[in-house]
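To keep things clear, I will list the structure first and then write my remarks on it.
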Amino acid sequence: MVFLRTPLAISLTVLAATTAPALGQTTLFHETFENGLGNWTESPPLSVSRWQRISESNGCAAGLTPFPSSNKALRFGLPDTVAPCTFENAGNSNLILNTPIDIPAGAQHVRLHYWSFEETECVQNEMKAGNCGWDERFVSVSSNGGATWTDVALGGEEGAWRQVSVDLSAYAGQSLLLRLRFASVDWWLNEYRGWFLDEIKLEYGVPGPVTYCTATVTGLATSFAPPRCSPILFHSGSPSLTGPDDLVIGARQLVNQSPARILWSRAPASTPFLGATLCLAAPIVRTPLASSGGNTAPVLDCSGMHQFHFSESYLAANFLTAGDTFYLQFSGRDPTKPGPENRSASAALQLTVLP
325 MVFLRTPLAI SLTVLAATTA PALGQTTLFH ETFENGLGNW TESPPLSVSR WQRISESNGC
385 AAGLTPFPSS NKALRFGLPD TVAPCTFENA GNSNLILNTP IDIPAGAQHV RLHYWSFEET
445 ECVQNEMKAG NCGWDERFVS VSSNGGATWT DVALGGEEGA WRQVSVDLSA YAGQSLLLRL
505 RFASVDWWLN EYRGWFLDEI KLEYGVPGPV TYCTATVTGL ATSFAPPRCS PILFHSGSPS
565 LTGPDDLVIG ARQLVNQSPA RILWSRAPAS TPFLGATLCL AAPIVRTPLA SSGGNTAPVL
625 DCSGMHQFHF SESYLAANFL TAGDTFYLQF SGRDPTKPGP ENRSASAALQ LTVLP
């Protein structure tokens with residue numbers, strides 16, 4: 325089974341966020357939707373399902389290909405025959421995994437990973453990267469057969485594929501059901517493509533990445549072609565001291581030709597900072613400042629990208645050793661916003677250094 329096809333191109337060329345399975349890693353569940361939705365049930369059942377398996381060739385997937393795992397993915401939205409590429413009047417719907425996933429007692433570093441592409445009114449109309457009171461997205465788990473549910477991940481940055489990683493270590497020794505929920509809340513401004521998901525995986529054994537915190541949204545849409553967007557943090561390679569020396573951390577969907585860098589620290593935080601959320605606690609290490617590149621001025625758009633190689637020598641020079649956990653975030657300036665509240669920032673990533 326293919327884990328990820330590269331390069332992952334979403335309107336611009338980026339380094340694909342792919343990491344080979346680590347030695348000692350056990351996969352408990354892996355869904356690519358290649359074989360349909362037979363192991364999932366819509367709740368409540370509707371005469372016109374809000375959840376469909378979609379192919380890369382479908383017009384609603386324009387600009388999203390290749391999909392992360394294969395040429396199929398899951399989409400929340402109305403079928404082409406009803407309302408092409410929107411979720412107008414789609415309401416609220418859940419998609420629930422039929423078969424519980426058994427997590428062994430004593431399992432360590434349990435992680436839920438999935439790829440998500442979201443297009444709703446939140447970024448374009450509400451200027452918020454994530455659930456904004458409308459068009460909300462939830463990933464939930466249940467350890468009691470669906471009697472109660474706990475939200476473990478919410479909607480996030482829009483406009484490009486992003487990988488979400490959640491720590492579920494607290495559920496070791498339990499059987500989990502997964503639930504995907506989309507709540508449009510109202511009947512207005514639903515002419516967007518909705519929610520795409522791919523490569524849902526539950527695994528344990530090696531301390532994998534964990535995503536957290538909140539990204540900013542670019543300034544006024546009148547300054548932009550195309551409209552607003554949010555920085556999306558990505559990673560590739562492994563944070564290993566003896567592996568292939570290929571750990572790269574980067575961010576895409578940046579304002580073009582603007583200052584960019586990756587920040588990191590040894591502890592997380594969530595602190596308001598110059599119009600953004602600083603997801604790192606002091607002391608903070610700053611990688612060298614660089615330009616985000618992208619299209620040349622005077623055009624302002626989301627074509628910028630930045631990446632930094634966290635080499636084995638860099639990790640060693642900063643006294644990061646096997647077992648250490650560190651936290652990373654993109655930081656830059658948004659020239660479409662007036663200062664001083666013009667910080668541009670991604671969500672954040674937790675990584676643990678491997679031997």
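In this note's numbering, the protein residues as written are 325 to 679.
All residues carry an ideal CB built from backbone N, CA and C; glycine is no exception.
Item, Value
"Integer-rounded CB distance, given that S440 should sit under 8 Å from R486", "6 Å"
"R610 classed as buried or exposed, judged by whether at least 16 other C-beta atoms fall within 10 angstroms", "exposed"
"Whole runs of the beta strand (DSSP E) within the stretch 427-477, excluding any shorter than 3 residues", "435-443 and 460-466"
"Of the residues Y651, D648, P664 and S668, the one placed nearest R657, counting alpha carbons only", "S668"
"contact_flag[the stretch 370-389, the stretch 457-468] where n(CB pairs < 8 Å) is 3 or more", "no"
"Reference Q653; option with closest CA among A646, F643 and S670", "S670"
"Three-state class that DSSP yields for A344 in the structure shown", "Any reading at A344 must be qualified, since the residue scores a pLDDT of 47, below 50, and its modelled position is unreliable; no value is offered."
"A671 - DSSP class collapsed to helix/strand/coil", "strand"
"Host beta strand (DSSP E) of V489 (start-end)", "One point to set straight first is that residue 489 is Ser, not Val, in the sequence displayed. Per DSSP, S489 belongs to the beta strand (DSSP E) from R486 to D491."
"Y536 - containing beta strand (DSSP E), residue span", "V534 to Y536"
"Assigned exposure category for N363 - 16 Cβ within 10 Å defines buried", "exposed"
"For W588, the nearest candidate out of S594, N468, A600 and L604 (CA to CA)", "L604"
"Buried/exposed call for T748, threshold 16 Cβ in 10 Å", "The structure shown does not extend to residue 748, since the chain is modelled only from 325 to 679, so the question has no answer here."
"Coil, strand or helix - S637 by DSSP", "helix"
"Cα-Cα separation between G617 and A496, rounded to whole angstroms", "44 Å"
"Segments assigned beta strand (DSSP E), at least 3 residues, entirely inside the stretch 549-629", "556-560, 572-578, 583-589, 592-597 and 600-604"
"Option in H437, S627, L504 and P555 with minimal Cα separation from N422", "L504"
"Residue interval of the beta strand (DSSP E) (run including R657)", "T649 to R657"
"DSSP beta-bridge partners of N416", "A507"
"Beta-carbon gap between C626 and Q581 smaller than 8 Å", "no"
"Nearest-angstrom Cα separation, counted from Q498 out to V476", "16 Å"
"Presumed contact (8 Å Cβ cut-off) between F391 and D570, rounded CB distance", "Not really, about 23 Å apart at Cβ, beyond 8 Å."
"Simplified DSSP assignment, three categories, for Y495", "helix"
"Meets three-Cβ-pair contact criterion under 8 Å: the stretch 628-636 and the stretch 552-571", "yes"
"Identity of the residue in L361, C537 and P607 nearest T601 by Cα", "C537"
"Where C665 falls, given that 16 or more other Cβ within 10 Å makes a residue buried", "According to the sequence shown, residue 665 is Glu rather than Cys. E665 is exposed by the Cβ-count criterion."
"Best match in L557, Y438, I556 and C553 for proximity to V490 [C-alpha to C-alpha]", "Y438"
"Residue range of the unbroken beta strand (DSSP E) whose run includes S371", "Taken as a continuous stretch (DSSP letters only), S371 belongs to no beta strand (DSSP E), as it is neither H nor E."
"Proximal residues to V699 (C-beta, below 6 Å), its chain only, five neighbours per side dropped", "Residue coverage of the chain in this structure runs from 325 to 679, which leaves residue 699 outside it and unanswerable."
"Under 8 Å between C-beta atoms of L370 and L436", "no"
"Where the beta strand (DSSP E) containing L398 begins and where it ends", "K396 to F400"
"G387 versus F597: straight-line alpha-carbon distance, rounded", "33 Å"
"Nearest neighbour of F520, chosen from S466, F462 and G470 [CA to CA]", "F462"
"Candidates T649, G518, E412 and E358, of which the one nearest A591 by Cα", "T649"
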